[in-house]
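Some notes on the structure that comes next.
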Amino acid sequence: MAVEELSLRDQSTLRTILSSKLDFVPSKLFTKSDAYDKIFTQPDAIPRPDTSWYHPVMESITDSRTGNTAGTVLLSAAQERTLFLQFNYCRHQVSQLGKQALKGQLDVTQARLLLEWYRRSEAFRDQIAQTNLALVLAMAKRTRMSDVDFSDLVSEGNMALLRAIDKFDVARGFKFSTYACRAILKAFSRMGVKLSKYRQLFPTDFDPKLERSNFLENKREGHEGDCVDEIRRIIKDNRADLSPIEKEVIEHRFALGKRRVANPDAAPLTLEQVGQIIGVTKERVRQIQATAMRKLRRPFVAERLKGWLRD
């Protein structure tokens, strides 16, 4: 497959798709000759949610956890079934084309088709998630975890919502909200258990200032400076094979690259600030950052080993 004919962004997206496993719920309908017509052509258009209320609500939520979720859309059972069939059919197509690609049987036209099905599946996934954003807020308001910031609780709920979308089988006949509520509450419960274990291990907060040593601080600063320089070189040469969006997230989060050139005193941006710049949620920025850090680790370790061998 001559992937060189694809844009760099499409090549990066294709590599990501082929190296990961996309969950979807199969259906006998997907294998029928008229599947596309029944899933996409015959059903009526499904109303899209207005999510303009979401960010103002998150910014204005107080300790009482109040907020107006006006603008949400309530889907009928038939509309919900159609939306999940469309989402899973797109992922089914991605899976089928991905198998051909791994066997080396995919040409450029089919590669572009795979990318199109993937983008459509992500659009349907986003639509389902946006339709159910208020569900996460409702579950978070019902949960009492005094040691957890409400925005962190909502972030955990949003991740659980996305996992529920990937696993939900609409053929079982019950509403997605029933399935998602259980998944979200389970995620909150796991979060509480992890926090409890952490509190048991670290019953008091640690203040680094109380244990400050000039010798260790100076040594650490020198080591950190070397590490930052090495990471900067790795990113500049793209030895970690970062995608453009991964590179941009790392540069913003750690004040590297173009941000450092433009302003040597630039401070790292928060997850939320980076999300506003590139147009994704804070949770998505965290995922992109984690993937980029895993990619950076291997060339960074190799560079350090070379340094030790030279010494």
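Counting in our numbering, the sequence shown runs from 197 upward without gaps.
Backbone N, C-alpha and C define an ideal beta-carbon position, used for all residues, glycine too.
What you are looking at is a predicted structure, and each value in this text was computed from that prediction instead of being measured.
Spatially closest choice to residue i from the options, by CA coordinates
i	options	result
Leu391	Leu349, Ala379 and Lys234	Leu349
Thr305	Leu293, Lys299 and Ala451	Leu293
Ile242	Val269, Arg429, Pro495 and Val290	Val269
Ser223	Ala307, Glu442, Phe283 and Leu438	Phe283
Val481	Lys371, Glu447, Ala463 and Pro495	Glu447
Tyr232	Pro495, Thr278 and Asp345	Thr278
Met341	Arg359, Gln323, Gly475 and Ser385	Ser385
Asp240	Trp249, Ala274 and Ala360	Ala274
Asn434	Pro495, Tyr394 and Arg378	Pro495
Leu218	Asp362, Arg378, Arg368 and Thr374	Asp362
Leu438	Ser216, Thr247, Gln485 and Trp313	Gln485
Cβ distance (whole Å) where residue i is taken to contact residue j below 8 Å
i	j	result
Phe370	His288	The Cβ separation is near 22 Å, so there is no contact.
Leu214	Ala334	With a Cβ gap of about 38 Å, Leu214 and Ala334 do not count as contacting.
Glu442	Thr487	6 Å
Ile427	Leu492	6 Å
Glu276	Val332	17 Å between Cβ atoms; not a contact.
Ala360	Ala336	That belief does not hold up - the Cβ atoms of Ala360 and Ala336 are roughly 15 Å apart, past 8 Å.
Ile430	Leu452	Not quite, the Cβ-Cβ distance comes to about 10 Å (not below 8 Å), so this is no contact.
Ala319	Leu210	Not a contact, Cβ separation roughly 18 Å.
Contacts around residue i, its chain only, beta-carbon distance under 7 Å, and the 5 residues preceding and following it disregarded
i	result
Leu465	His448 and Arg449
Ser317	Phe283, Cys286, Arg287 and Val290
Leu309	Leu293
Cutoff 8 Å; reference residue i; Cβ partners in own chain excluding five residues on either side
i	result
Met355	Ala383 and Glu479
Pro245	Gly267, Thr268, Val269, Gln323, Gln326, Thr327 and Leu329
Gln483	none
Pro440	Leu204, Arg205 and Ser208
Residue i classed as buried or exposed, judged by whether at least 16 other C-beta atoms fall within 10 angstroms
i	result
Gln469	exposed
Ala325	buried
Ser229	exposed
Ser351	buried
Ile380	buried
Leu397	exposed
Val389	exposed
Ser272	exposed
Lys436	Reading off the sequence, residue 436 comes out as Ala, not Lys. Classification for Ala436: buried.
Ala463	exposed
Ser260	The predicted model places Ser260 with a pLDDT of 47, which falls under 50 and marks its position as unreliable; any figure quoted below should be read in that light. Flag for Ser260 reads exposed.
Ile474	exposed
Tyr394	exposed
Thr212	exposed
Other residues of its chain near residue i: CB distance less than 6 Å, five sequence neighbours each side excluded
i	result
Leu202	none
Tyr285	Phe226 and Ile235
Arg490	none
Cutoff 8 Å: residue i Cβ touching any chain D Cβ
i	result
Gln485	Given the protein chain composition of this structure (a single chain), no chain D is represented.
- prompt: Quick one: complete alpha helix (DSSP H) runs, 4+ long, within the segment 310–390?
  reply: If we require 4 residues or more, the alpha helix (DSSP H) runs fully inside the segment 310–390 come out as 329–338 and 346–363.
- request: Within the segment 201–231, note down every full beta strand (DSSP E) run reaching 3 residues or more, in order along the chain.
  value: Runs of the beta strand (DSSP E) inside the segment 201–231: none found.
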